[in-house]
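Going line by line, the protein sequences match chains A and B.
Residue 8 in the numbering used here sits at position 8 of the first sequence; the count goes up by one each step and never skips.
Position in the second sequence counted from 1, then plus 387, gives you the numbering used here.
So the structure is just underneath, and the comments pick up after that.
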Amino acid sequence: MKPPDLTILDTEALYRRYVRDKFFAVMVQPTEACNLNCAYCYLPHRARRNEMSVEVAQAVADSIAEQGDAGTVLVIWHGGEPLMLGTEKFEALLQPFEELREAERVIHSVQTNATLITPEWCRIFRDYWFHVGVSIDGPRAANLNRVNWTGRPAFDRIMKGIRTLQDEDISFAVISVVSPETIADPIPTLQFLDTLGAVTIAFNLEEREGVNVERPLLRLQEATDFWRAVIDHHQATGGTTQYRELSQLSSYLLLSRTGRKAQWLAGLHEPGPAVGWDGTTVLLSPEFLGMTAPEHRDFVAGNVLTESLPSMLARAPHLSYLKEFMRGLAACETECALWDFCKGASAANRYFEHGTFTATETNHCQNARQAPLAAVDAHFQQTREEN
Amino acid sequence: MTANNLAAPLADLESGDATPEAESLLLQLTGGSTCTTNLTFDRKWYNWSKDK
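Here you go:
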């Protein structure tokens, strides 16, 4: 496809060029509250004890139904810590989705810090076919940023929850935050994560967003060294673990090498609705929930109690931050050699790093897109030299 | 834009002098199944492969 003409920026046309008209995932934040107070957390209101009502959950389910036959929708229960609701309240929020789940139009997912997992939670995960994601950064020494509100490390409680999942035979994926404290010594973390038996591992290299603005940034070279260590470890251990960024990059490269790149290029950005506990809805990134940004009306696209998600998406091209983001994507497409692979990285990182969505390159795209690519390239170069 | 420093390596990896070792590593890194979706569903908050 020919790159857009940056002198004629029709943001509505750009929206149709870059963004799906329907959502295949909706993030649901049933509470802002979290029982942990991790050093790198971006959420401003994680001490607030609020809870989503069944009416809000019903409105989300109604929106999915209204979308019609748009494929299976992922309902991602996030937070805060979603398990803070307790099993009874949480199970009540699942009821509006039951007809859709039984018709396989909804798949539930939950991302949890694991500290509250009990056999009763495992019953819910099993009964409602949950994809479970656990947040743990590594072994005890690499997990020191994950602490409770008195500053006490949460490692033992996290491991207790993970052992409960294992005992109950519940599969889970892992998200591990790589921070300035841990990035230089990845081997203990890689070895530890191998022992957990996770279906996939995702490394989120710490990002500057929300209220996490003062900690040091990870740099491209240390991120490249980190990904190089992951690749070497992967090979040394027989390559059975799936690492999110490396898996996606390799998929792109394999498709390109076999004449199937068009399959990859056909993908469009998710509109990314995220619904807060009170029904407030933002688009593109859940990091915007609860944020203050007067120039973009706090990123609010509407409230699902008074307007359906499909109706909000129909208005989305006219939101100021969506318009800015379209211009940012157009600049990426025009200027960046990695566009076909990346297709433009996260909106939230652009805003929180640069104060504008028209920015292109971010620390996040360096660490999560460029660094894995540089690491794979370095690995192949070394292989060639050795041969 | 530091990304453009990777233009040549990316082009090389895309076209590939497709050595068996390279193919083998890439296949390993996919975790056994090539996903056909791109990165535009930013999975920072989610880590189940929908392709599995």
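No residue lacks a Cβ here, since even glycine has one placed at the ideal position from N, Cα and C.
Just to check my reading of the structure: residue i and residue j have Cβ atoms closer than 8 Å, yes? What is that Cβ distance to the nearest angstrom?
i, j, result
"E361 (chain A)", "T417 (chain B)", "In fact, because the Cβ distance is near 26 Å, the residues do not count as touching under 8 Å."
"F203 (chain A)", "Y243 (chain A)", "7 Å"
"A33 (chain A)", "E81 (chain A)", "7 Å"
"L309 (chain A)", "G279 (chain A)", "Going by Cβ atoms, the distance from L309 (chain A) to G279 (chain A) rounds to 11 Å, so no, they are not a contact pair."
"V174 (chain A)", "I124 (chain A)", "Actually they do not touch by this definition, with Cβ atoms about 20 Å apart."
"L400 (chain B)", "D225 (chain A)", "Actually they are not in contact, since the Cβ atoms of L400 (chain B) and D225 (chain A) sit about 19 Å apart, beyond 8 Å."
"Y40 (chain A)", "E206 (chain A)", "5 Å"
"A337 (chain A)", "R350 (chain A)", "At roughly 18 Å, the Cβ-Cβ gap does not stay under 8 Å, so A337 (chain A) and R350 (chain A) are not in contact."
"P44 (chain A)", "W77 (chain A)", "In fact, because the Cβ distance is near 20 Å, the residues do not count as touching under 8 Å."
"A398 (chain B)", "F380 (chain A)", "With 8 Å as the limit, A398 (chain B) and F380 (chain A) do not qualify as a contact, their Cβ atoms being about 13 Å apart."
"M52 (chain A)", "L83 (chain A)", "Not confirmed; about 13 Å, so no contact."
"V75 (chain A)", "R105 (chain A)", "Not confirmed; about 10 Å, so no contact."
Using the DSSP secondary-structure output, state which residues sit across from residue i in a beta bridge.
i, result
"S109 (chain A)", "A:I76, A:H131"
"Y243 (chain A)", "A:I201"
"I175 (chain A)", "A:S135, A:A202"
"G276 (chain A)", "Paired residues: none, contrary to the question."
"V376 (chain A)", "DSSP output for V376 (chain A) lists no bridge partner at all."
"E209 (chain A)", "A:N212"
"L36 (chain A)", "A:N148"
"H269 (chain A)", "A:V19"
State the start and end residues of the unbroken beta strand (DSSP E) segment that holds residue i.
i, result
"M84 (chain A)", "Element bounds for M84 (chain A): n/a, residue is neither H nor E."
"A368 (chain A)", "That residue, A368 (chain A), is in no beta strand (DSSP E); it is neither H nor E in DSSP."
"V28 (chain A)", "25–28"
"T281 (chain A)", "280–282"
"A301 (chain A)", "300–303"
Can you determine whether any heavy atom of the ligand NAD sits closer than 7 Å to the C-beta of residue i, and answer yes or no?
i, result
"L144 (chain A)", "Ligands displayed in this structure: none; no statement on the ligand NAD is therefore possible."
Using a C-beta to C-beta distance shorter than 8 Å, which residues of chain C count as neighbours of residue i?
i, result
"C336 (chain A)", "In the structure shown, chain C cannot be found, because the protein chains are A and B."
Tell me which residue opens and which closes the alpha helix (DSSP H) that residue i is part of.
i, result
"N349 (chain A)", "347–354"
"S53 (chain A)", "Run containing S53 (chain A): none; DSSP gives neither H nor E here."
"T115 (chain A)", "Element bounds for T115 (chain A): n/a, residue is neither H nor E."
"H233 (chain A)", "220–236"
"I187 (chain A)", "186–196"
"Q95 (chain A)", "Element bounds for Q95 (chain A): n/a, residue is neither H nor E."
"F155 (chain A)", "155–167"
"K323 (chain A)", "320–335"
"A398 (chain B)", "394–402"
"C41 (chain A)", "Where C41 (chain A) is concerned, there is no enclosing alpha helix (DSSP H), given that its DSSP letter is neither H nor E."
Report buried or exposed for residue i, applying the criterion of at least 16 other Cβ atoms within 10 angstroms of its Cβ.
i, result
"R126 (chain A)", "exposed"
"K439 (chain B)", "For K439 (chain B), the predicted model reports a pLDDT of 31, less than 50, meaning its position is unreliable and no value from the coordinates is stated."
"V213 (chain A)", "exposed"
"S436 (chain B)", "Its pLDDT being 49, under 50, S436 (chain B) is placed unreliably in this model, and the coordinates cannot settle the point."
"V19 (chain A)", "buried"
"W129 (chain A)", "exposed"
"I187 (chain A)", "exposed"
"S109 (chain A)", "buried"
"A371 (chain A)", "buried"
"T281 (chain A)", "buried"
"R157 (chain A)", "buried"
"R208 (chain A)", "buried"
"S402 (chain B)", "exposed"
"H318 (chain A)", "exposed"
"G151 (chain A)", "exposed"
"N387 (chain A)", "exposed"
"E270 (chain A)", "buried"
"A347 (chain A)", "buried"
"K343 (chain A)", "buried"
"L393 (chain B)", "buried"
"V132 (chain A)", "buried"
"K323 (chain A)", "buried"
"T115 (chain A)", "buried"
"S179 (chain A)", "buried"
"A314 (chain A)", "exposed"
"W264 (chain A)", "buried"
"P216 (chain A)", "exposed"
"V26 (chain A)", "buried"
"S411 (chain B)", "exposed"
"E245 (chain A)", "buried"
"R146 (chain A)", "buried"
Mind listing which residues of the segment 245–260 of chain A have their C-beta closer than 8 Å to chain B's C-betas, in chain order? Residues passing the 8 Å Cβ filter: L246, S247, Q248, L249, S250, S251, Y252, L253, L254, L255, S256, R257, R260.
Residues in the segment 116–137 of chain A with C-beta within 9 Å of chain B's C-beta atoms, listed in sequence order? So the close ones are H131, V132, G133.
Note down, in chain order, all residues in the segment 208–236 of chain A with a beta-carbon under 8 Å from any beta-carbon belonging to chain B. Hits within the stretch, in order: L220, I231, H234, Q235.
Residues of the segment 354–377 of chain A with Cβ closer than 9 Å to any Cβ of chain B, in chain order: Against chain B - using a Cβ distance shorter than 9 Å - the residues of the segment 354–377 of chain A are T360, E361, H364, C365, Q366, A368, R369, Q370, L373, A374, V376, D377.
Chain B contacts from the segment 299–332 of chain A (Cβ-Cβ distance under 7 Å): Shown here is that no member of the segment 299–332 of chain A has a Cβ falling below 7 Å from a Cβ of chain B.
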